[in-house]
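In short: position in the sequence shown from 1, add 26, done, that's the working numbering. One structure is given here, and the rest of the page talks about it.
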Amino acid sequence: MSSDNKKSKLVFAVPLIIFLLLCVFLFKGLFSNPRELQTGRLGQAVPAFTLPDLMVDDKLWSDKDLAGKVYLINVWGTWCTTCLVELPYLTKLRERGVNIIGLYLEQGYDPDFDGEFNIQALRDEVSQMLARTGNPYQYNIFDLNRSLAFDLGVSGAPETFLVDSKGVILLHHTGDLNERIWRAKFASKFTELKEVKL
């Protein structure tokens, strides 16, 4: 076979291979569930962090404060309309003995452009929203620069993580946590960990 024939076949084969790979990728995406985005940290410990409390000056929280507890980390923000829908159900869960830690994700801040952040305006907004919907959180970690959110693989809000008493992430859910999702995905695992019927 001449080198010209080889080159000619190669010219046709390469685009065909690329096209077929693209078809496989798109076909897989067609049947995937966008709600099933999973963090790469399932089965791993919550990343080490030290971050401030959203509502209390000079109060810092770290991963060590959570040791020995079974809890949910709920990623949320006042800008998130789905979070607004989710908060009353989360409040019911807290009343039934579920420990919920808020991870407040500030969407509209960029340290390179926005300069100093107005924490008091945000605290007022948070207080008003939680007064209307109920407050499910034991406290809120303020992740202004999204360092913990990035380490957890958070893609937006709301997202919820179930963490065991050893600090290991067992479950992750993207989207609102409602009664149907709780029963289908979280309740049996939480009951197993806490020995509490929910």
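Note that CB positions come from ideal geometry on N, CA and C, so glycine has one too. What you are looking at is a predicted structure, and each value in this text was computed from that prediction instead of being measured.
When secondary structure is reduced to three states using DSSP, L196 falls in the strand class.
DSSP places F187 inside the beta strand (DSSP E), whose first and last residues are E185 to V189. The closest CA to that of T159, considering only D79, L219 and T104, is found on T104. If you look at L77, you'll find it isn't in any alpha helix (DSSP H); it sits in the beta strand (DSSP E) that goes T76 to P78. In the three-state scheme derived from DSSP, where H, G and I count as helix and E and B as strand, A93 is classed as coil.
In this structure I127 is not in contact with I145, their Cβ atoms being roughly 19 angstroms apart against a cut-off of 8 angstroms.
The beta carbon of F168 sits closer than 7 angstroms to those of L77, P78, D79, L80 and Y130, all from its chain and outside the five residues before and after it, given in chain order. In the three-state DSSP reduction, V152 falls in the helix class (H, G or I). By the criterion of a C-beta distance shorter than 7 angstroms, N161 is surrounded in its chain by T117, once the five residues flanking it on both sides are discounted.
Straight through space, the alpha carbons of L188 and H198 are spaced by roughly 7 angstroms.
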